[in-house]
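Below is one structure, written out as C-alpha cells; comments come after it.
4 protein chains.
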Amino acid sequence: MREVMSHLDAAADLEQVLYDVHREIQPLIGQGQLADYIPALSAVDPQQFGLALATTSGEVHGIGDYQLPFSIQSLSKVYAFALALAADGETIWERVGHEASTHPFNSLLQLEHDHGIPRNPFLNAGALVSVDRLMSRHGSAVQPLREFLRAESGNHNIDVEKSVAESERAHCDRNASLAHLMASYGNLDNPVPNVLDNYIEQCALTMSCHDLALAARFLVRGGVRADGTRLLSTDNAKRINATMLVCGMYDQAGAFAFRVGLPAKSGVGGGVLAVVPNRGVLCVWSPGLDRSGNSVAGVAALEAFSLATGWSVF
Amino acid sequence: MREVMSHLDAAADLEQVLYDVHREIQPLIGQGQLADYIPALSAVDPQQFGLALATTSGEVHGIGDYQLPFSIQSLSKVYAFALALAADGETIWERVGHEASTHPFNSLLQLEHDHGIPRNPFLNAGALVSVDRLMSRHGSAVQPLREFLRAESGNHNIDVEKSVAESERAHCDRNASLAHLMASYGNLDNPVPNVLDNYIEQCALTMSCHDLALAARFLVRGGVRADGTRLLSTDNAKRINATMLVCGMYDQAGAFAFRVGLPAKSGVGGGVLAVVPNRGVLCVWSPGLDRSGNSVAGVAALEAFSLATGWSVF
Amino acid sequence: MREVMSHLDAAADLEQVLYDVHREIQPLIGQGQLADYIPALSAVDPQQFGLALATTSGEVHGIGDYQLPFSIQSLSKVYAFALALAADGETIWERVGHEASTHPFNSLLQLEHDHGIPRNPFLNAGALVSVDRLMSRHGSAVQPLREFLRAESGNHNIDVEKSVAESERAHCDRNASLAHLMASYGNLDNPVPNVLDNYIEQCALTMSCHDLALAARFLVRGGVRADGTRLLSTDNAKRINATMLVCGMYDQAGAFAFRVGLPAKSGVGGGVLAVVPNRGVLCVWSPGLDRSGNSVAGVAALEAFSLATGWSVF
Amino acid sequence: MREVMSHLDAAADLEQVLYDVHREIQPLIGQGQLADYIPALSAVDPQQFGLALATTSGEVHGIGDYQLPFSIQSLSKVYAFALALAADGETIWERVGHEASTHPFNSLLQLEHDHGIPRNPFLNAGALVSVDRLMSRHGSAVQPLREFLRAESGNHNIDVEKSVAESERAHCDRNASLAHLMASYGNLDNPVPNVLDNYIEQCALTMSCHDLALAARFLVRGGVRADGTRLLSTDNAKRINATMLVCGMYDQAGAFAFRVGLPAKSGVGGGVLAVVPNRGVLCVWSPGLDRSGNSVAGVAALEAFSLATGWSVF
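Heads up: the sequence lines are chains A, B, C and D, in that order.
Note that UniProt numbering gives residue 254 to position 254 of the first sequence, counting from 1, and the numbers run on in steps of one.
Note that UniProt numbering gives residue 144 to position 144 of the second sequence, counting from 1, and the numbers run on in steps of one.
Note that UniProt numbering gives residue 286 to position 286 of the third sequence, counting from 1, and the numbers run on in steps of one.
Note that UniProt numbering gives residue 129 to position 129 of the fourth sequence, counting from 1, and the numbers run on in steps of one.
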C-alpha cells in the first residue's frame with residue numbers, strides 16, 4: 001500500500017477524499033437501470049448517492065445521502081450468513097460452498113449440477129441456506145438479523161419496509177423455484193413458504209450507508225461486535241472477507257477485485273458494502289445498476305476511493 | 001493482520017516459522033497423486049518438499065529442497081502473463097478475461113461459450129494468449145521469458161528440460177484442441193503449432209523455489225524489477241495479484257482464498273507461488289497433487305505459514 | 001417392412017406373437033428398479049407384466065397382466081398434450097417446443113436456458129404447460145382428461161388413485177421448482193399450486209394396458225376418436241407421433257428409435273405406449289425401470305415385438 | 001398413410017407432384033444465407049434448386065437443377081457412416097452414440113462432457129469417427145467412399161472438388177479442435193492431420209441430386225446395394241434411418257420430424273437427403289441456408305412433397 005495511507009487516518013483527510021470521490025463520479029449518478037423486477041424498487045429516485053466509512057474504532061465519515069435509508073436487498077446476505085456461521089460453526093459448509101459462480105445470482109444451472117448445494121452464501125440460493133439455518137436455530141431469520149443490525153448500528157428504528165416485502169412476495173417465483181429445488185435435494189429443513197417469507201423480509205430491511213457500515217465492523221475487528229463480545233473467531237471473520245472477495249459481486253467478482261481490490265457485496269437496491277481489512281468498512285449507495293446488478297456510481301466511487309487512498313488488499 | 005507480524009521480519013523468526021511449518025506438514029509429504037498425463041512428471045520422487053520466501057528487499061529464506069529445480073509447469077503462466085501485459089498494455093484484456101472459471105484448467109466448455117476468449121490468464125487457454133502475444137511482440141515467448149527469469153533470479157542456468165518438453169509434445173492433444181478452438185474464433189495470431197511449441201517449452205522450464213520466489217518479487221514491489229527498472233505500473237502489478245487470488249488455484253480458488261488468504265498460482269509439477277503484498281513471495285514445492293491439481297503438502301504448508309504469521313490479505 | 005406383415009393382421013398370428021414375446025422376455029421381468037421417489041410406487045409387485053395391442057379398428061389383443069390397472073404417470077402426458085393441442089391449436093407451440101432434450105425429464109438446465117419454454121411436451125415441464133392450458137380452457141385439467149380416457153376406452157371406472165396422489169403431493173418439490181421457474185418467465189397462467197395439483201392427479205390416474213392402448217387409437221386414426229368425431233387434424237396426429245419418436249423416451253429416445261423404431265412414451269409406473277402408424281397402439285407394463293426411467297421388460301418386449309412383426313416406421 | 005399413395009407410384013403422378021412442389025416453393029429459392037465460413041461455398045449461385053426421387057427399383061424422377069453437381073458436405077456423413085458400420089459392425093457404437101444433440105453441429109460442449117464420444121454419427125465429431133474407422137480398415141476414407149458412390153450411382157466422374165477442399169483446409173481450426181479433443185480421449189486411432197484431410201476431402205465431393213438419391217437406395221432396400229450384394233443387414237439399414245430421423249437435421253431434427261416426418265440429413269452445401277421407407281430416396285438442393293444450416297427451399301420442398309403425397313413415416 002502507498003505512503004498516503006499513513007496520514008490518511010486523520011479525519012480531515014478522509015473527509016477530503018470522500019468529497020473528491022463524490023465530485024469525480026458525479027456524472028455517473030443516475031446512470032444504469034433501476035431494478036425493474038421489483039416494482040417498489042423501480043420507483044426510487046435514481047439521483048441519490050451516499051457514501052460512508054465506518055472505521056474500526058467506530059467513527060463514521062460520510063457524504064451525500066449517506067444517512068438516508070434504502071432497501072438493503074442482498075447486502076442482508078453478509079449479515080445473515082455471519083449469524084448463521086456463528087450459530088452453526090463449520091458444519092454450515094456442508095450446505096453451502098465458497099467458490100465463485102459463473103452464472104447469474106438467481107441461476108438454477110449450477111444448483112442442479114451441485115445437487116442443491118449453492119456455490120456460495122452470496123447467491124440467492126446460498127442466502128436461503130442462511131435463512132433456513134437461522135430459522136432452525138432461532139425460529140426466525142429476520143428477527144435475530146434485525147436485532148443484530150439494530151445493536152451494531154445503534155439505530156433501533158431499523159425495520160422491514162412492508163411495501164417492498166409485499167412487492168417481492170408477489171414476484172418471488174424465481175426464488176421459490178430455487179428453494180423448491182434445494183428442498184428436493186434435502187438442503188432446506190424448514191417449509192419452503194416460511195423460508196421464502198423470511199428471505200423476502202430480510203431483503204426488504206431498509207438501512208442507511210451509515211448504519212450498514214457500522215453494522216459490518218465485526219469483519220474488520222476479527223469477529224468482535226460493537227459491544228466487545230465475540231460473534232466469530234478471527235479466522236472465520238477473515239473467511240467471510242475472502243468469500244466476499246471471490247464471490248460477492250455477482251459475475252463481476254473478478255472485475256471488482258481487479259478494479260477495486262476489496263472484499264465487497266452488492267445488492268439490487270444499489271448498495272455496495274466493501275471491507276478494508278484493519279481499517280474500516282465502506283458502504284456506498286446509488287440506485288442505477290449495471291447489467292450484472294451492481295450500482296454503477298457505487299462501484300465507480302469505490303474504485304476512485306481505492307485509487308485515492310491506496311487502500312486495497314493487494 | 002496480527003501483532004505477530006511486526007517482529008516477524010527478523011530473519012531468525014522467519015527461519016523458525018519455516019522450520020515449524022515443515023515439521024507440521026511432514027505427514028502430508030508424499031500424499032496425493034503425481035501428474036500422470038505427462039510421463040516425465042510421473043517419474044519424480046514424491047517425497048520432495050521445499051519452501052522459500054523471498055522478501056521485498058531480496059533476502060531469501062528457505063527450508064527443505066528449496067534449491068532443487070523442478071518443472072515449473074503452470075507457474076510459468078504468471079511470468080508470461082506479466083510480460084505480455086507489459087508488452088500489450090490494457091488491450092490484452094480484449095483477448096483474455098479476469099474472472100474465475102468453474103471448470104477444470106483444460107476445459108473447452110467455457111471457451112466455446114465465450115467465443116474463444118479465455119476466462120483468465122491462468123487457465124491453459126489464457127496462457128496460450130500470453131504466448132501468442134509474446135510471439136507477436138518478440139518473435140518468441142520462451143526466449144524473453146527465460147531471459148526475464150534468469151535476470152530476476154540471478155541464475156543464468158535456468159533452461160527448458162528437453163525430456164519434459166518432448167513428453168508434453170507427445171501428449172498435447174488437449175492443448176491443441178484449445179488452441180485450434182481459439183484460432184477458429186480469431187484469438188490467436190500465430191500458427192497453432194508454433195504457439196503450442198512455445199507453450200510446451202515454457203511449461204518445461206525447470207527452476208527451484210528459491211529462484212521462482214525471487215523472480216516474482218515484481219508483484220510485491222509495485223511492478224519494479226530486481227534491477228530497479230519498471231516492468232509494470234503499480235496498478236497493473238496489483239491487478240495480477242487480484243486475478244491470481246480469484247483465479248489462480250484452478251477450481252479451488254475460493255477454497256484457497258478461504259484457507260490461506262493470499263494470491264497464488266499452482267502448477268502440476270507440484271509448485272505453488274503465493275504473494276504476500278508488501279512483504280514478499282512464497283514458493284513451495286512438493287509433487288503430490290490433490291484432485292484439482294494443487295500440491296497437497298504445498299497448500300497445507302502455505303496454510304500453516306499463513307496461520308503462524310497472520311500474513312493474509314484479509 | 002417385411003413380408004410377415006401382410007398376414008399378421010390375422011388375430012391368431014398376433015396372439016401367437018404376443019405369446020412368443022412374453023416368453024422371450026420372461027427373464028427380464030422383475031429386473032431394474034422400482035420408482036423410489038414416490039413411496040406409493042415402490043410398493044408395487046415387480047413381477048407384473050402386461051402387453052396389449054389395440055388395432056385401428058378397435059380389437060384388443062393382450063397377454064399377461066394387460067387388464068390390471070397401474071399408475072399411468074407420464075403416459076398421461078400424451079393424452080393431456082393431445083387435448084391441449086386440440087383446445088389451443090398451433091399457438092401451443094409458442095409455449096412448448098418439439099425437440100429432444102439431452103437432460104433428464106425433471107431437469108431445470110434446459111428450461112432456464114430456454115427462458116421457461118420446455119423443449120417438448122413429454123418432459124415434466126412440458127406437461128405442466130398442457131395442464132395449464134387445459135385449466136385455462138376448461139377450468140381443470142384432470143377432469144376433461146379423465147372424461148376423455150373413459151370415453152375412448154369405454155371404461156367408466158378410470159379414476160385418480162388417491163394414495164398415489166397424496167404420496168406425490170408430499171414429494172413434489174422438484175416439480176414445484178420447475179413450475180415456479182416457468183411461472184417466473186410468464187409461461188404459466190394459473191396459480192402454481194393449482195397447476196401442480198392437477199398435474200399430480202393426472203399422473204396418479206390408474207389404467208390397464210388394455211384401456212391405455214384403446215384410448216390412444218386417435219394417434220393411428222388420423223386424429224379421429226372412438227365415436228368417429230375428430231379430436232385433431234391428421235397432420236396434428238402425425239406431429240404428436242413425430243414428437244414422441246424424437247422425445248418420448250426421456251434421454252433414451254434415440255436408442256429406442258434405434259432398437260424399436262416406433263413413436264413411444266414411457267412412465268415411471270413402468271408403462272410404455274408405442275404407436276404403429278396405420279396398424280394400432282401397443283401398451284406394455286412392467287414396473288422395473290432402467291437408469292433412464294424406462295421399463296426394462298417393457299422396452300425389451302416392444303423390441304422383440306418389432307423384430308417378430310417387422311413393424312417399425314423405418 | 002393416405003389413399004393417394006397407392007396410385008402415386010405411377011411415374012406420371014410423381015412427375016406432376018415434383019412440378020407442383022417446385023412451383024409452390026419458388027418464392028423461397030434464393031432465401032437464406034450461403035455458408036460463409038467456406039469461401040468456395042459462398043460463391044455459389046443462390047438461385048439454384050433441384051429435386052430428385054430415386055425409387056427402390058432404381059427409377060429417377062427429377063426437376064430443376066437435379067442433375068447439376070454441388071458440394072455434398074455433410075451428406076457424405078450418411079454414406080461414410082454406412083461404410084464404417086459395414087466394416088466395424090456393432091463395435092462402432094462404442095465410439096459414437098445415436099442420440100440427438102441440443103448443440104450445434106460443430107460444438108465441443110457435449111463432446112467434452114461425454115469424454116470424446118460424439119452423440120451421433122451426423123455431427124462433425126461423429127463423422128470424424130467414421131473417417132478414422134475407414135482409415136483403419138482401408139488405409140483411406142475418401143477412396144472407398146468415392147468408389148462406393150460411383151458404383152451406386154453409376155457415375156464414374158464423381159470426385160473431390162480441389163478448390164473446395166483447399167478452401168476448407170484453410171479454415172479447419174474448428175474441426176481440428178474437435179479432432180484433437182477426441183484424440184485426447186483416445187477416440188481416434190489415426191494421426192489427426194490425416195483424419196482431417198480425409199474428412200475435408202469427403203466433404204468436398206461434388207454430386208448431383210440424381211446421383212446422391214441413387215447412391216442412398218441401400219437405405220430403402222434393407223441394406224442391399226445396387227448390384228444386389230449386401231452392404232448392411234436389414235436391421236442396420238433401419239437403424240441408420242432411425243438415427244437420421246432423431247439426429248440428422250442439426251438442432252432442428254425434431255422440427256423436421258414434425259414438419260416432414262422422414263429420416264433426413266442436410267449439408268451446408270444446401271443439399272438434403274430424405275428417406276421414404278419402402279419407396280425411395282429424395283434428394284433436394286438449394287444453397288440458401290436457415291440459421292441451423294438447413295436449406296430453406298430444400299426443407300420447404302420436402303414438406304410440400306410430404307403433404308402432397310402423404311409420404312411420412314408417421
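No residue lacks a Cβ here, since even glycine has one placed at the ideal position from N, Cα and C.
- A straight-line Cα-Cα distance of about 16 Å links G186 (chain D) and R169 (chain B).
- For the region 277-291 of chain B, the set of residues with a beta-carbon nearer than 8 Å to any beta-carbon of chain A comprises P277, N278, in chain order.
- Distances from the alpha-carbon of H138 (chain D) to those of D:L109, D:N198, D:D173, D:G269 put D:N198 closest.
- Annotation: the continuous beta strand (DSSP E) that includes S266 (chain B) extends over 264-266.
- Remark: fewer than three beta-carbon pairs, one from each stretch, lie closer than 8 Å, so the region 35-43 of chain A and the region 231-242 of chain A are not flagged as touching.
- Within the model, the alpha-carbon separation for V78 (chain B) versus V142 (chain B) is close to 13 Å.
- Annotated as proximal: A237 (chain B) and G223 (chain B), with beta-carbon spacing under 9 Å.
- Taking the Cα positions, H22 (chain D) is about 52 Å away from L181 (chain A).
- For a cut-off of 8 Å, the C-beta gap from L34 (chain B) to G288 (chain B) is around 7 Å, short enough to register as a contact.
- The alpha carbon of P118 (chain D) has as its nearest neighbour, out of C:T102, C:F148, C:G298, C:N278, the alpha carbon of C:T102.
- Taking 9 Å as the threshold, the shortest C-beta distance from L181 (chain C) to chain A falls below it.
- Interface flag for D173 (chain A) against chain C is set, since a Cβ pair is found closer than 9 Å.
- Per DSSP, reduced to three states, the secondary structure at C172 (chain C) is coil, with no helix or strand assignment.
- Taking the C-beta atoms as reference points, A216 (chain A) is found nearer than 9 Å to L273 (chain A).
- Scanning its chain for C-beta atoms nearer than 7 Å, with the 5 sequence neighbours on each side dropped, one finds around L196 (chain C) the residues C172, N175, A176, A179, in chain order.
- Distance check between I240 (chain C) and each of C:I92, C:Y66, C:A300 places C:I92 closest, using alpha-carbon atoms only.
- Around C247 (chain C), the beta-carbon contacts reaching into chain D at under 9 Å are A100, G254.
- Residue pairing for I63 (chain D): DSSP places it in a beta bridge opposite D:L51.
- Taking 9 Å as the threshold, the shortest C-beta distance from F81 (chain D) to chain C does not fall below it.
- Every alpha helix (DSSP H) of 4 residues or more that sits fully in the region 130-198 of chain D is shown, in chain order, as 142-153, 162-169, 173-184.
- For A176 (chain B), the chain D residues whose C-beta falls within less than 7 Å of its own C-beta are H180, listed in chain order.
- The region 50-69 of chain B and the region 85-100 of chain B do not touch, with fewer than three beta-carbon pairs separated by less than 8 Å.
- Note that the C-beta distance between A257 (chain B) and D20 (chain B) is not below 9 Å.
- Counting other Cβ atoms within 10 Å of its Cβ, A11 (chain D) stays below 16 and is therefore classed as exposed.
- Taking a C-beta distance under 9 Å as the contact criterion, L123 (chain B) and S107 (chain B) qualify as a contact pair.
- Within 8 Å of the CB of P263 (chain B), the CB atoms of chain A belong to F314, in sequence order along the chain.
- Inside the region 245-312 of chain D, DSSP marks whole beta strand (DSSP E) runs of 3 or more residues at positions 264-266, 271-276, 280-285, from first to last along the chain.
- Here the alpha carbon of V313 (chain B) sits roughly 28 Å from the alpha carbon of F70 (chain B).
- Straight-line spacing of the CA atoms in L14 (chain C) and R225 (chain D) works out to 33 Å.
- In this structure, the alpha-carbon of A297 (chain A) lies about 21 Å from that of C203 (chain A).
- E112 (chain B) belongs to the set of residues whose beta carbon lies under 9 Å from a beta carbon in chain D.
- Each residue's CA atom was taken as its position, placing H98 (chain D) and L83 (chain D) some 16 Å apart.
- In terms of Cβ geometry, W285 (chain C) and L109 (chain C) do not form a close pair [threshold 9 Å].
- Going by DSSP, L212 (chain D) is part of the alpha helix (DSSP H) stretching over 209-215.
- Residue range 11-25 is occupied by the alpha helix (DSSP H) that includes Q16 (chain D).
- In terms of beta-carbon proximity, F105 (chain D) stays away from the interface with chain C, with every pair separated by 9 Å or more.
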